[in-house]
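Offset between the first sequence (1-based) and the numbering used here: plus 1.
Using N, Cα and C, we set each Cβ at its ideal position, and we do this for glycine too.
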Amino acid sequence: MLDIKYLRDNFAAAQKALATRSGELDLSGFQALDQQRRELLSETETLKAEKNKVSALIGQTKDKSQVQGEIARMKEVSAQIKELDERLRSVEEQLSELLMGIPNIPHEQSPVGASEEENVEIRSWGDRPNFAFAPQAHWDIGEKLGILDFERAGKISGARFALYTGAGARLERALINFMLDLHTEQHGYLETLPPFLVNRASMTGTGQLPKFESDLFHTEEVDLFLIPTAEVPVTNIHRDEILNEKQLPLCYTAYTPCFRKEAGSHGRDTRGLIRQHQFNKVELVKFTRPEDSDAELETLLQNAEKVLQLLELPYRVVDLCTGDIGFSAARTFDIEVWLPGQECYREISSCSNFRDFQARRAAIRFRREGAKKPELVHTLNGSGLAVGRTLLAILENYQQADGSVLIPEVLKPYMGGLEKIDN
RNA sequence: GGAGAGGUGACCGAGAGGCCGAUGGUGCUCGCCUGGAAAGCGGGUGUAGUGAAAGCUACCGGGGGUUCGAAUCCCCCCCUCUCCGCCA
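Given below as structure tokens:
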């Protein structure tokens, strides 16, 4: 959520900045609603002050017969207050709905552009493998090795689910452990294991609600949502809290499964592990002081890149343009891994600085040393990494002519010393 | 799922229609005292909205209601604890 005061005072500038994002945005009602709200507020508060004053007087008067007129008048005032409050509530509801639907203002340094075509590659790492044979896609490799079973997953659940077996399941688990160990032992993140079902307040805090409810799996009788990313429960760890400046930055990592409806992506990436209703992810989340968030995004991005470097998987880093940045983010870097089976780069991590957008929604603040007023923190997060996509990248990059797949050096200890997966 | 007890400021804990944004204590902080510290003494110490400011308004788990007036009474919901049931 944007700062209403900022929007009020910089309406034209905000509108201009927001126009560089994709999608339609109608802010025309804002100024009138904002005005109405303040008028109603002042009106009802004047009446409340009057009511409070007179009621105190009535309380002090022993002989109530002397104040019958006051009592009657206050009854009238109370009714007026009630009516004004109702109008105020309706205006505030409309205003909040409008405000909650406004995306974050892009970072000044984000490249301006209309779509992903205009994202800017800022660096790449590693050498793409040269194969003396035609590399296969991971779904073929995995099925032939008997470690991925999409057909039975379809039977059990439906489309966009995967069944891992044997070395496949082990490899997924090895990756989770490897990533968590790296981030906790080398990068200083605190491991967490949060709930996978969260309430509306949490989803609203990070920006999934109210706008993107249709992307979420929802449970019927208890009004909970399956998390689409660990960002939601982990960022909400500190919802409605005031942190000490000394604690910052707070850095958390979490492994969780993620659940997404993928509504609107019918027919896209229907094969393989790329786009699943359920997938595993290790997430990195930071809470920082405002002045530190740009630098912290850079280190978070490097922490995510480190996973690919250690796994020796070639990748590139892309600075998302204003038209491609997600709703809540101000700035986003995507890491894209090279997939030889499909001869393209695919997103494997998305690292974002949300600035105070989520913090305002979720009321996550901190108090500076000696300061009276608390301030909003900045929140950041990034995948470190999407586990399923990492596994498929290994299958495609480490595949051999005979159909086997070598295990990356750093994963061998996590695979019980296994050197390669074959039949 | 059943029965009971609770949810008050950073924390503990009073308050049971008006004198309560809330006694007291702990913590924190500033000052005095001290060679320094402890102890002691004195002051300060919630958040938000609105306003140029003084101030005003709201908030005692959440939402409704009764009343001139609600932390306090009534209704619904949520959460925590204890016991029983069930279960990993």
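- Leaving aside the five residues that flank glycine 167 on each side, the residues in its chain whose CB is nearer than 6 Å to its CB run, in chain order, Ile148.
- For proline 107, the closest C-alpha among the options Ala331, His379, Arg368, Thr47 is that of Ala331.
- Counting along the chain, the unbroken beta strand (DSSP E) around proline 258 starts and ends at 251–260.
- Secondary structure remark: continuous alpha helix (DSSP H) runs of at least 4 residues inside the segment 91–178, in chain order: 139–146, 151–157.
- The Cβ-Cβ distance between glycine 383 and alanine 305 falls below 8 Å.
- In the structure shown, the three-state DSSP call for lysine 282 is strand.
- Nearest neighbour of glutamate 98 by Cα position, chosen from Ser79, Glu44, Ile5, turns out to be Ile5.
- Aspartate 325 and glutamate 117 do touch by the CB rule: their CB atoms are close to 5 Å apart, below 8 Å.
- In the DSSP assignment, glutamate 51 falls within the alpha helix (DSSP H) that extends over 31–61.
- The continuous beta strand (DSSP E) containing arginine 356 extends over residues 345–356.
- With contacts defined as CB atoms closer than 8 Å, phenylalanine 197 and isoleucine 228 qualify as a contacting pair.
- In this chain, the alpha helix (DSSP H) harbouring glycine 389 covers 388–398.
- In the DSSP secondary-structure assignment, leucine 227 is bridged to Leu198.
- Taken atom to atom, the span from the alpha-carbon of alanine 18 to that of threonine 236 is near 26 Å.
- By the C-beta density criterion, serine 29 is exposed, having fewer than 16 other C-beta atoms within 10 angstroms.
- Under a 10 Å Cβ-count criterion, lysine 63 is classified as exposed, with fewer than 16 other Cβ atoms of the shown protein chains found around its own Cβ.
- Below 8 Å, enough C-beta pairs join the segment 206–222 and the segment 360–380 to call them touching: three or more.
- A residue is called buried once 16 or more other Cβ atoms fall within 10 Å of its Cβ, and valine 223, having fewer, is exposed.
- The beta carbon of alanine 175 lies closer than 6 Å to those of Leu412, Tyr415, Met416 in the same chain, with the five residues before and after it left out.
- With a beta-carbon spacing of about 6 Å, tyrosine 316 and tryptophan 126 fall inside the 8 Å limit used to define contacts.
- The beta-carbon separation of leucine 172 and leucine 34, rounded to 54 Å, does not stay under the 8 Å limit for a contact.
- Assigned with DSSP and collapsed to three states, glycine 268 falls in coil, not helix or strand.
- The residues Ile422, in chain order, have a CB closer than 6 Å to that of leucine 146 in the same chain once the five nearest residues on each side in sequence are set aside.
- Taking each of Gly24, Phe31, Glu25 in turn and checking the Cα distance to leucine 3, the smallest one comes out for Phe31.
- The three-state reading of DSSP puts glutamate 337 in strand, counting E and B together.
- The residue among Asp10, Ile103, Asn11, Arg22 with its C-alpha nearest the C-alpha of threonine 333 is Arg22.
- The beta carbon of arginine 9 sits closer than 7 Å to those of Asp35, all from its chain and outside the five residues before and after it, given in chain order.
- Taking the C-beta atoms as reference points, valine 283 is found nearer than 8 Å to tyrosine 256.
- Between the alpha carbons of proline 130 and threonine 300 lies a distance of about 27 Å.
- When the five nearest sequence neighbours on each side are left out, the beta carbons in the same chain lying within less than 8 Å of the beta carbon of proline 211 are those of Glu98, Met101, Gly102, Thr205, in order along the chain.
- Assignment of leucine 217 by DSSP, reduced to helix, strand and coil, places it in the coil class.
- With respect to the C-alpha of glycine 404, the residue from Ser350, Ala387, Glu242, Ala138 having the closest C-alpha is Ala138.
- A straight line joining the alpha-carbon of isoleucine 72 with that of glutamate 94 spans about 32 Å.
- Residue Leu251 holds the alpha-carbon nearest to the alpha-carbon of histidine 379 among Leu251, Gly418, Gln343, Ala154.
- Excluding residues up to 5 positions away in sequence, Arg161, Arg276, His278 lie with their Cβ nearer than 7 Å to the Cβ of glutamate 263 in the same chain.
- With fewer than 16 other beta carbons inside 10 angstroms of its own, tyrosine 7 counts as exposed.
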